[in-house]
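S.K.: Quick note, the sequences are listed as chains A and B, same order.
Using our numbering, you'd call the opening residue of the first sequence number 1 and step up by one each time.
Using our numbering, you'd call the opening residue of the second sequence number 1001 and step up by one each time.
Just so you know, even glycine gets a beta-carbon here, dropped at the ideal spot from N, CA and C.
Computed from a prediction, not measured in an experiment: that's the story for all the values here.
The structure follows.
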Amino acid sequence: DTGVSQDPRHKITKRGQNVTFRCDPISEHNRLYWYRQTLGQGPEFLTYFQNEAQLEKSRLLSDRFSAERPKGSFSTLEIQRTEQGDSAMYLCASSLQGAGEQFFGPGTRLTVL
Amino acid sequence: ILNVEQSPQSLHVQEGDSTNFTCSFPSSNFYALHWYRWETAKSPEALFVMTLNGDEKKKGRISATLNTKEGYSYLYIKGSQPEDSATYLCAQRDQTGANNLFFGTGTRLTVIP
Chain A
1 DTGVSQDPRH KITKRGQNVT FRCDPISEHN RLYWYRQTLG QGPEFLTYFQ
51 NEAQLEKSRL LSDRFSAERP KGSFSTLEIQ RTEQGDSAMY LCASSLQGAG
101 EQFFGPGTRL TVL
Chain B
1001 ILNVEQSPQS LHVQEGDSTN FTCSFPSSNF YALHWYRWET AKSPEALFVM
1051 TLNGDEKKKG RISATLNTKE GYSYLYIKGS QPEDSATYLC AQRDQTGANN
1101 LFFGTGTRLT VIP
């Protein structure tokens, strides 16, 4: 296990479609974070998990967004009824609780047409 | 929400030049500051985690300093090389439960051979 991986790396979809992204964290890390970066901005926090529990969600995470981490390992982020404003880079990161340092995946770039 | 700012937004330097960027952040309730390097199509790579006022860290030709009382950090690159071309992000870590990161917008460095 050499790092955090994300799939797909790129996704192009039409407005109104649903999309799902996957993140595989570093195996011994119990914390998993999702961030979103839009053009000209730094990454912004969306949500995080400790093991399988989703403990915090940003106000950026509208009800069209849902994230899961069913077995405390990989996580999925689903966006329903995509809008053009959802176009962004979606980044996943993982960390050991208390260690603080977050290790990032390469991101999934979403384009909504 | 922690307001983190970076300057300049972008920078072009000649190979061999030394350069530096600034990250400013709220000084109250400081917990930790992170620097990342993000090359196109790759994962953001952790450079430094800094916690103590006056901290100075070094990794090869890259170093960083931290002033928590006045709320700024500098990143220095000595003798820039084309492979240093990347976006450099700083982020302040939240001290509450999520420990999530609040990022600046980044400084995009281009080193011209």
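1) Taking a contact to mean a Cβ-Cβ separation below 8 Å, would you say A:Pro43 touches A:Ser94 in this structure?
2) What in chain B is Cβ-close to A:Gly100, meaning under 7 Å?
3) Give the straight-line distance between the Cα atoms of B:Tyr1036 and A:Leu96, rounded to the nearest whole angstrom.
4) Go through its chain and collect everything with a Cβ distance to B:Val1004's Cβ below 7 Å, but skip five positions before and after it.
5) Please list, in chain order, the chain D residues whose beta carbon lies closer than 9 Å to that of A:Tyr90.
6) Taking buried to mean at least 16 other C-beta atoms within 10 Å of its own C-beta, is B:Asp1084 buried or exposed?
7) Going along chain A in order, which residues have a C-beta closer than 7 Å to the C-beta of B:Ser1010?
8) Taking 8 Å as the cut-off, decide whether the C-beta atoms of A:Leu77 and A:Leu60 are in contact.
9) Since A:Lys14 and A:Leu113 are thought to touch, with beta carbons under 8 Å apart, how far apart are those beta carbons, to the nearest angstrom?
10) Measuring alpha carbon to alpha carbon, tell me which of A:Leu32, A:Asp63 and A:Phe65 ends up nearest A:Phe49.
11) Given this structure, state the Cα-to-Cα distance separating B:Gly1097 from B:Phe1048, to the nearest angstrom.
12) Look at the alpha carbon of B:Gln1009 and the alpha carbon of B:Thr1107, and state the distance between them as a whole number of angstroms.
13) Which residues, in order along the region 48-82 of chain A, keep a beta-carbon less than 8 Å from a beta-carbon of chain B?
M.R.: In short, the structure shows the following:
1) The answer is no: Cβ separation not under 8 Å.
2) For A:Gly100, the chain B residues whose C-beta falls within less than 7 Å of its own C-beta are Ala1032, Val1049, Arg1093 and Asn1099, listed in chain order.
3) Roughly 18 Å separates the two Cα atoms.
4) Here B:Val1004 has Cys1023, Phe1025, Cys1090, Ala1091, Gln1092, Phe1102, Phe1103 and Gly1104 as same chain residues with Cβ atoms under 7 Å from its own Cβ, once five neighbours each way along the sequence are excluded.
5) Absence of chain D from the displayed structure is noted, the protein chains being A and B.
6) The residue in question, B:Asp1084, is buried, as its Cβ has 16 or more Cβ neighbours within 10 Å.
7) Within chain A, no C-beta atom comes nearer than 7 Å to that of B:Ser1010; the closest sits roughly 11 Å away.
8) No, these two residues do not count as a Cβ contact at 8 Å.
9) In this structure A:Lys14 touches A:Leu113 by the C-beta definition: roughly 5 Å separates them, less than 8 Å.
10) Of A:Leu32, A:Asp63 and A:Phe65, the residue nearest in Cα terms is A:Leu32.
11) A straight-line Cα-Cα distance of about 22 Å links B:Gly1097 and B:Phe1048.
12) The C-alpha of B:Thr1107 is placed about 5 Å away from the C-alpha of B:Gln1009.
13) The region 48-82 of chain A vs chain B, Cβ under 8 Å: Tyr48, Leu55 and Glu56.
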